[in-house]
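The structure appears right after this line, and notes come after that.
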Amino acid sequence: MEFLGLLGNVDHSILEIDFGRGFVVEAMDMSEFAHICEEDFGIADVWFKLDYDWGCCSQDKFKRPDYVYLIRKTLHDYPEYSGEADDIEARVAYWDVEHAYQDKIIDYLQGQIRKLRLLKEGSIRLSLELFFRIEDDSWEMDSSRESTSACENRLFFLTRRELREANAYLSDGLIDSKHKYLQFAVQNFELSYSISQYQLEFLSLMISLEALHNDANSELRFRVSRGCAVLLGKTKAESNSVFKLVKNLYDKRSVLVHTGNQSKITKADVLQLKDIVRRSLRVSLELNLPKAELSTLLMEKGFGVANKIRKL
Numbered sequence: 000m001e002f003l004g005l006l007g008n009v010d011h012s013i014l015e016i017d018f019g020r021g022f023v024v025e026a027m028d029m030s031e032f033a034h035i036c037e038e039d040f041g042i043a044d045v046w047f048k049l050d051y052d053w054g055c056c057s058q059d060k061f062k063r064p065d066y067v068y069l070i071r072k073t074l075h076d077y078p079e080y081s082g083e084a085d086d087i088e089a090r091v092a093y094w095d096v097e098h099a100y101q102d103k104i105i106d107y108l109q110g111q112i113r114k115l116r117l118l119k120e121g122s123i124r125l126s127l128e129l130f131f132r133i134e135d136d137s138w139e140m141d142s143s144r145e146s147t148s149a150c151e152n153r154l155f156f157l158t159r160r161e162l163r164e165a166n167a168y169l170s171d172g173l174i175d176s177k178h179k180y181l182q183f184a185v186q187n188f189e190l191s192y193s194i195s196q197y198q199l200e201f202l203s204l205m206i207s208l209e210a211l212h213n214d215a216n217s218e219l220r221f222r223v224s225r226g227c228a229v230l231l232g233k234t235k236a237e238s239n240s241v242f243k244l245v246k247n248l249y250d251k252r253s254v255l256v257h258t259g260n261q262s263k264i265t266k267a268d269v270l271q272l273k274d275i276v277r278r279s280l281r282v283s284l285e286l287n288l289p290k291a292e293l294s295t296l297l298m299e300k301g302f303g304v305a306n307k308i309r310k311l
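For the sequence shown, numbering that gives the first Met the number 0 gives the first residue as 0, with consecutive numbering after it.
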């Protein structure tokens, strides 16, 4: 059995990413990929999906790119059905095992994509997931899933330095935690990638920050702003800048929540907030402290000590 995943909203730098566990990233001519989808897999409206649903074509350009970028692996341990063809109970039992195996593959890749989202802005995603067999030079699909990302078509790309950092983070970076507040914060960060209205994307990101910094013992606007400033500021000037930015963004959140006035939130606000949330989550996951310990740490420490906190 083979697995093929279409990576949406990415550029050629993705070819140098190592997803681990034997997954290989490759480029394929877009016309060839569209032909395979239509002829071998029977997928309809392929060109429309490439342009829009799957995020393979920038909406800011008039020319389609030459290639799509795929992640692929041969699944030598894929479960095989060994029962009788007409044994319904055996078939159902096998389907449960097969679906669990497929979910395990997808969950792993989604975790790696989540790490990449924590490193850099861009709406990278698995747009199409295919499990198939190659028989007599034709591709016979076993199952498929499609997904779309509602946030704007923000291309994911990495510089040479970012590529080294990304491969190191994919290899050993922490993304899971037993602490529920961290799980909830990550979930809301991920949710922001599937929300089409950017004002609601903003709220999802702010909930993520509140989950990290709200201890229910002090004024929330101050707590969230100060927590981000301590967590992210490498110098006092940088901490002050983060403090002012987050306070301003939180004020906009309050206006939106209490009055319903959406005009105060801009797309630039969303990107600024997403950057703050992304960086805060990375440091918080690295520290991986219980909520009370993180709250105490951020209240005790002053501005400009972010590097020291990460070495604790």
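No residue lacks a Cβ here, since even glycine has one placed at the ideal position from N, Cα and C. This one's a predicted model, so the numbers in the text were calculated from it and none came from an experiment.
Close beta carbons around residue i, own chain, < 7 angstroms, minus the five adjacent residues each side
{"i": "Lys251", "result": "Lys263, Ile264, Asp268"}
{"i": "Val45", "result": "Ala33, Cys36, Glu37"}
{"i": "Lys300", "result": "Val229, Ile308"}
{"i": "Arg63", "result": "Met29, Cys56"}
Nearest candidate by alpha-carbon position, reference residue i, set the options
{"i": "Val241", "options": "Ile87, Gln198, Phe302", "result": "Phe302"}
{"i": "Arg71", "options": "Phe18, Arg153, Pro64", "result": "Phe18"}
{"i": "Leu181", "options": "Asp214, Pro289, Ser143", "result": "Pro289"}
{"i": "His350", "options": "Phe155, Cys227, Val304", "result": "This structure cannot speak to residue 350, because the chain is shown only from 0 to 311."}
{"i": "Ile104", "options": "Leu248, Asp171, Tyr249, Leu74", "result": "Leu74"}
{"i": "Leu208", "options": "Arg278, Met298, Lys235, Ile87", "result": "Arg278"}
{"i": "Leu293", "options": "Arg225, Glu31, Phe47", "result": "Arg225"}
{"i": "Gly54", "options": "Asn239, Ile16, Glu139, Arg153", "result": "Arg153"}
{"i": "Leu125", "options": "Gly7, Ala236, Phe183", "result": "Gly7"}
{"i": "Asp102", "options": "Glu128, Lys62, Ala291, Lys177", "result": "Glu128"}
{"i": "Ala236", "options": "Asp86, Leu202, Val304, Arg63", "result": "Val304"}
{"i": "Asp214", "options": "Met298, Asp106, Pro78", "result": "Met298"}
{"i": "Pro78", "options": "Leu270, Lys62, Asp95", "result": "Asp95"}
{"i": "Leu270", "options": "Ser238, Asn239, Leu202", "result": "Leu202"}
{"i": "Glu139", "options": "Lys48, Asn239, His11, Ile42", "result": "Ile42"}
{"i": "His11", "options": "Arg159, Asp85, Asp171", "result": "Arg159"}
For residue j and residue i, believed in contact at Cβ under 8 angstroms, the rounded distance
{"i": "Leu204", "j": "Leu115", "result": "With a Cβ gap of about 17 angstroms, Leu204 and Leu115 do not count as contacting."}
{"i": "Ile13", "j": "Val24", "result": "6 angstroms"}
{"i": "Asp39", "j": "Ser137", "result": "6 angstroms"}
{"i": "Lys233", "j": "Asn306", "result": "6 angstroms"}
{"i": "Leu280", "j": "Phe188", "result": "6 angstroms"}
{"i": "Lys266", "j": "Tyr192", "result": "15 angstroms between Cβ atoms; not a contact."}
{"i": "Asn247", "j": "Ser176", "result": "At roughly 29 angstroms, the Cβ-Cβ gap does not stay under 8 angstroms, so Asn247 and Ser176 are not in contact."}
Whether residue i touches residue j by CB criterion (8 angstroms)
{"i": "Leu118", "j": "Glu164", "result": "yes"}
{"i": "Gly3", "j": "Val67", "result": "Looking at the sequence provided, one finds Leu at residue 3 rather than Gly. Contact: no."}
{"i": "Arg113", "j": "Met0", "result": "no"}
{"i": "Phe93", "j": "Tyr80", "result": "Sequence inspection shows Tyr at residue 93; the Phe mentioned does not correspond to that position. Result yes, Cβ atoms of Tyr93 and Tyr80 sit closer than 8 angstroms."}
{"i": "Ser314", "j": "Phe156", "result": "Residue 314 is absent from the structure shown; the chain starts at 0 and stops at 311."}
{"i": "Leu173", "j": "Leu284", "result": "yes"}
{"i": "Leu69", "j": "Met27", "result": "yes"}
{"i": "Ala89", "j": "Glu97", "result": "no"}
{"i": "Tyr249", "j": "Val223", "result": "yes"}
{"i": "Glu200", "j": "Ile194", "result": "yes"}
{"i": "Glu145", "j": "Asp274", "result": "no"}
{"i": "Asp50", "j": "Cys56", "result": "yes"}
Sequence-distant residues of the same chain with beta carbon closer than 8 angstroms to residue i, five excluded per side
{"i": "Ser253", "result": "Arg220"}
{"i": "Ile16", "result": "Val24, Leu115, Leu157, Leu162, Ala165, Asn166, Leu169"}
{"i": "Gly110", "result": "Ile174, Asp175"}
{"i": "His178", "result": "Asn287, Leu288, Pro289, Lys290"}
{"i": "Leu108", "result": "Gly4, Phe18, Phe22, Ile70, Leu125"}
{"i": "Val282", "result": "Leu230, Leu231, Ala305, Ile308, Arg309"}
{"i": "Val256", "result": "Leu202"}
{"i": "Asn239", "result": "Ala228, Gly232, Phe302"}
Own chain partners of residue i with C-beta closer than 6 angstroms, once the 5 adjacent residues on each side are dropped
{"i": "Asn260", "result": "Val254"}
{"i": "Thr147", "result": "Asp52"}
{"i": "Gly21", "result": "Lys72"}
{"i": "Ala291", "result": "none"}
{"i": "Ala210", "result": "Tyr180, Phe183, Ala184"}
{"i": "Leu190", "result": "Ser203"}
Which residues DSSP lists as bridging residue i, in chain order
{"i": "Lys72", "result": "Phe2"}
{"i": "Ala26", "result": "Tyr68"}
{"i": "Val9", "result": "Phe155"}
{"i": "Glu83", "result": "DSSP output for Glu83 lists no bridge partner at all."}
{"i": "Met140", "result": "Phe131"}
{"i": "Leu190", "result": "According to DSSP, which records beta bridges pairwise, Leu190 is partnered with nothing at all."}
{"i": "Leu125", "result": "Leu6"}
{"i": "Glu339", "result": "Here the chain comprises residues numbered 0 to 311, so residue 339 is not present and cannot be evaluated."}
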